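J.: Sharing a structure, written as C-alpha cells. Questions coming.
2 protein chains.
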Amino acid sequence: MVTETGQARRPTSFDVAKKAGVSRATVSHILNGQGSRFPEETRNRVLNAASELKYQPSPAGRALVTGRSDVIVVVMPNTTFGSNLQDLVDEVTRLAGLHGLSVVVRFAGRDPAETLAAVMNFRPVAVVNFGGLSRDDQTTLAASGAATIPSAARDEDASGKDPNFLIGQRMAEELLRDGPRPLVFAALLDERTDPFGPARYAGLKAVTDARGLPQPARIEVPLDIVGATLAVDTVSVEGASIGVACYNDHVAIAVLAAGRTLGLATPEDLAVIGVDATEVGQLVSPRLTTIALDNSVLMRKIAADLEAVTKHKAPIQTQDAGREFLTVIQGETS
Amino acid sequence: MVTETGQARRPTSFDVAKKAGVSRATVSHILNGQGSRFPEETRNRVLNAASELKYQPSPAGRALVTGRSDVIVVVMPNTTFGSNLQDLVDEVTRLAGLHGLSVVVRFAGRDPAETLAAVMNFRPVAVVNFGGLSRDDQTTLAASGAATIPSAARDEDASGKDPNFLIGQRMAEELLRDGPRPLVFAALLDERTDPFGPARYAGLKAVTDARGLPQPARIEVPLDIVGATLAVDTVSVEGASIGVACYNDHVAIAVLAAGRTLGLATPEDLAVIGVDATEVGQLVSPRLTTIALDNSVLMRKIAADLEAVTKHKAPIQTQDAGREFLTVIQGETS
DNA sequence: CCCCGAACGTATCACGTGTCAAAATCTTTT
DNA sequence: AAAAGATTTTGACACGTGATACGTTCGGGG
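Residue numbers (this note's numbering), protein chains in the order written: chain A, 1 to 334; chain B, 1001 to 1334.
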C-alpha cells in the first residue's frame, strides 16, 4: 500500500535500524544516551545511519510513550513586550535547544484558567514563567509533572526579597533622593492583570513608611496623551512637587507627556522614573531615569534550573546571592 | 500495575467509553463530528460522559495517528515586537481556539534554516507568517502539508501590490508633500535579516524615480543616541533638508534624537516618518508622523484562511479589494 | 419463510517511540 | 569441555488516538 502521491515519508527509527543492521530497540537505546553499554563499532554504525537518513524522532511518538513532550512553554504577561523579554526568550530558546527541547511562547490571556489549560495541554517538561502564572497555577503544574522555572526567582531571590519589591524600593529611594515629596505609583493596567504591580507598590510603600511619608497614591495611566493627562492631573498638586514611579518606561513617557501638557517642570514639579531601561527611553527628551534589570542574573538562574530539570536533579543553588540585579540609569527626569 | 504515587491519570477515551457503556470506537466517532450516524440518545450519553470526566483527547495520541498536531505556529520576526503584533497574536490565538487549535509563537532566529526546522518539527496544521519565513520556506512547509497563512498577503494584496511596497510609497509621498528633497531609508538591521525593508525601499524608490529625484540613500540606525547620530550624520547635508523614512517608530525616534544632537530643525531640515503608529510615538515631542497599519484587514484575511484550512477548502477570496489598509497619522515631524 | 438493506455499533490496525525482561552471544572460570 | 558469568542484542508491550472495514440486529418486502 504505497502512497505514490504526497510527501515522502519521514524516516523512522525502524529505517535507521534496518540500515544499521540492528534492531529498533538498539537504535532507541543508542540514540537516547544509554549507548555506553554498546561497543563503539555498533554505536557508530547506528549514529552514521541516523545522520545519513537525517533521522528525526517523531515528537508525537516520544510524547505518547513518555507522557511528556519535549517542549518548554514560556509564559509571558500580555503587557508590553519589550526587547528585554525578547532577548530573554531568545536566550531560553538557545538553551533549550542545547537540551534538545523546543520552546513555545504563550501569552497569558485575559482568562488565567484558559492560559493554564493551554499550557498543561502541551505537557511540557518545564514552564518558564515570566509572569502570568499564579502560585496556585505553579503547584497545579507541578502536580502534573512540569517544573516551573525560575524556581522561585519571581517570588524571592537569594536574599529572600521579591525582586519587584526591591525595584519598588529603589524607585522610591531615587525619587526621594533630593528630599521628601509625595510619591505616586503609575500602573498601566488593572491591578488584577498586572503580575508585577502589587509587589512594586509594596516596595514603594515600605520606603515611604520608613520615612514617615504618606503612602503612595496609585493611578492607572493609559498610553495616550488625553488619558494620561487626565490620570496625572488627578494626583498633581498645585505648586507642589510629586515623584511618579512608573510600571515601565512607556508609562513613564506617557506621564512625562502628560506633565508637558499640564505645564509641569521636570524634574522639579514632576519627577519620573521608569523600569526596563528601554532604548526608546534613552532617546526621548528629557532622557528617562529608569531601572535597568540585569537579565544575566535571572538568565543564569533559568539556565541552572533548566539544567537541573533535564538532568532530573534538584535545582542548583545559584551563586548570585549578593549580586545587584538592578541598576538605576540616571536620566534627566529625576 | 497501579502507580500509587504521582499524579492522577488523565481520563482517556476508553474511560469515556466505559462510562457511556459503548465502545471506544463509538466515542471517537461521536467526538469527531462523524456522529450523525448515531441516534441522539447514544450521542448524548457519550457527550455527557466526556464532559463529566472532563475528557481531553491526548494531543500526542492524535498527532501520532493523524500525522499532524493541532497546532498553529506563528512565526514572528525577531525585530521589535510592538503592541501591534501583540494584538495580532492574541487575535490569532482566540480564532485558533475556536477551531480547537493551539497557538505556538516562534521567533525567527538568526539562522533561518533552524527556524524552519523548528517549525516543521511541530507538524503544524498551519503556519501564520508575520515575517521570517521566505517563500522557499513556505513551499517546503506546503510540501510537508502545512499551509502558510496569510496565503499571500505578505506578497501581494488584492490589488496585486506588496503591502510593504505601498508603505514605502506612502512614506515617500508624505515626505515629499511640501516639495522635493532627498530621501533616506533608515533601517534598523542588516538587510538580510529584515523581512520588510527591501520592499519598502522599493516603494520609496518608485516615487523618487517617478518624480525624477535621486534614489534614496539607505542607512542603518541603531537604537542608541551615539550610533544613531553617527548614522544620520552620514546623510545630513549642510544647510539642506532631508526626509527620512524609517523602518518603524522606534527608529524614527532615534533619528529625531540624532537630529536634536546635530542641531537640525524638524521638520524643516529633517523630516521623519515612522511606521506602526506606536503609542510611544504619539507621546514623544515632537509627535511622530507615522503610518498606521490596519490590522483588521490582515486579520480578516487570516481568519478566512484559517477557516479554509480547518475546513479543508480552498482559501476564500477576501472582499477587501479596494480598502485602504494604511493611514498616515499626521504628527509634527513631517 | 427467506433474504436484504438499513441502522447501529465495534474489532482491529496503524501511527513511532521508550524500555523491560529475556534471549543470544561472547568470555572467563572450574 | 562444561558451567558460570559478562556483554550485547532484541522481541514485545504500552502509550492514546482516528478511521476503515466488518459484524450484528431488526424490520419489512418478496
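Quick reminder that beta carbons are idealized off the backbone N, C-alpha and C, glycines included.
Bear in mind the structure is a predicted one, so any value in this text is a computation, not a measurement.
1) For Val1251 of chain B and Arg10 of chain A, what's the separation of their Cα atoms in angstroms?
2) Against Ile1253 of chain B, what residues of chain A qualify as contacts under a CB-to-CB distance less than 8 Å, listed in chain order?
3) Could you give the uninterrupted runs of the beta strand (DSSP E) lying entirely in the segment 1026-1093 of chain B, keeping only those of 3 residues or more?
4) Determine the closest residue to Ala303 of chain A out of A:Asp90, A:Pro216 and A:Ala202, with distance taken between C-alpha atoms.
5) At the 8 Å Cβ level, is Ala1118 of chain B part of the contact set with chain A, yes or no?
6) Can you tell me whether Val125 of chain A is helix, strand or coil according to DSSP?
7) Measuring CB to CB, does Leu1264 of chain B end up less than 8 Å from Leu283 of chain A?
8) Taking C-beta pairs closer than 9 Å, name the residues in chain A that Asp1224 of chain B reaches, listed in chain order.
9) Determine, for Gly274 of chain A, whether the minimum Cβ-Cβ distance to residues of chain B falls below 8 Å.
10) For Val357 of chain A, which three-state DSSP category applies?
11) Report the residue from A:Val237, A:Leu298, A:Phe165 and A:Gly61 whose alpha carbon sits nearest the alpha carbon of Asn1121 of chain B.
12) How would you call Leu1098 of chain B, buried or exposed, if buried means at least 16 neighbouring beta carbons within 10 angstroms?
13) With 16 other CB atoms within 10 Å as the buried threshold, where does Asp1087 of chain B fall?
14) Would you identify the three-state DSSP class for Leu1270 of chain B, choosing helix, strand or coil?
15) Helix, strand or coil, according to DSSP, for Phe165 of chain A in the structure here?
16) Taking C-beta pairs closer than 7 Å, name the residues in chain A that Arg1260 of chain B reaches, listed in chain order.
17) Do Leu256 of chain A and Thr333 of chain A come within 8 Å of each other at the CB atom, strictly closer than that value?
18) Drop a sphere of 10 angstroms on the beta-carbon of Lys1054 of chain B, count the other beta-carbons inside from all chains shown, and report buried for 16 or more, exposed for fewer.
19) Relative to the C-alpha of Leu1293 of chain B, which residue among B:Met1171, B:Pro1214, B:Asp1233 and B:Thr1229 is closest?
20) By how many angstroms is the C-alpha of Val272 of chain A removed from the C-alpha of Thr1093 of chain B?
21) Give a yes or no on whether 8 Å exceeds the smallest Cβ distance from Gln1086 of chain B to chain A.
22) Just the Cα atoms here: how many angstroms apart are Asp1157 of chain B and Leu1116 of chain B?
23) If distances are taken between C-alpha atoms only, which option among B:Val1104, B:Asn1048 and B:Thr1148 comes closest to Thr1310 of chain B?
24) Using Cβ-Cβ distances below 9 Å, what residues of the segment 1188-1203 of chain B are close to chain A?
25) Please list, in chain order, the residues of the segment 87-99 of chain A that have any C-beta partner in chain B closer than 9 Å.
26) Compute the Euclidean distance between the alpha carbons of Glu174 of chain A and Gly212 of chain A, then round it to the nearest angstrom.
27) Could you give the DSSP three-state label for Val22 of chain A: helix, strand or coil?
28) What number of angstroms, rounded off, separates the C-alpha of Asp1162 of chain B from the C-alpha of Arg1300 of chain B?
29) Quick check: Gly1243 of chain B and Leu1183 of chain B, are their CB atoms within less than 8 Å of each other?
30) Of all Cβ atoms in chain B, is any one closer than 8 Å to the Cβ of Gly61 of chain A?
31) Measuring straight from C-alpha to C-alpha, what distance separates Ala126 of chain A and Val1280 of chain B?
32) Over the uninterrupted alpha helix (DSSP H) stretch that includes Val309 of chain A, give me the two end residues.
33) Roughly how far, in whole angstroms, is the beta-carbon of Lys205 of chain A from the beta-carbon of Pro216 of chain A, given that I think they are within contact range, below 8 Å?
34) Which residue spans inside the segment 1239-1287 of chain B form an unbroken beta strand (DSSP E) run of at least 3?
35) Can you tell me whether DSSP reads Leu188 of chain A as helix, strand or coil?
T.: Working from what's here:
1) 44 Å
2) Val280, Leu283 and Val284
3) 1071-1077
4) A:Asp90
5) yes
6) coil
7) no
8) By Cβ distance, chain A contributes Glu279, Gln282 and Leu283.
9) no
10) Any property of residue 357 of chain A remains undetermined from this structure, which presents chain A solely from 1 to 334.
11) For Asn1121 of chain B, the nearest C-alpha among the options comes from A:Gly61.
12) exposed
13) exposed
14) strand
15) helix
16) Ser285
17) yes
18) Per the 10 Å Cβ criterion, exposed.
19) B:Met1171
20) 36 Å
21) yes
22) For Asp1157 of chain B, the pLDDT reaches just 47, beneath the cut-off of 50, and the residue's location in the model is therefore unreliable, although a value from the coordinates is still provided. About 25 Å.
23) B:Thr1148
24) none
25) Val89, Asp90, Thr93, Arg94 and Gly97
26) 16 Å
27) Val22 of chain A falls in the coil class under three-state DSSP.
28) 17 Å
29) yes
30) yes
31) 35 Å
32) Asn295 to Thr310
33) 6 Å
34) 1242-1246 and 1270-1275
35) Coil.
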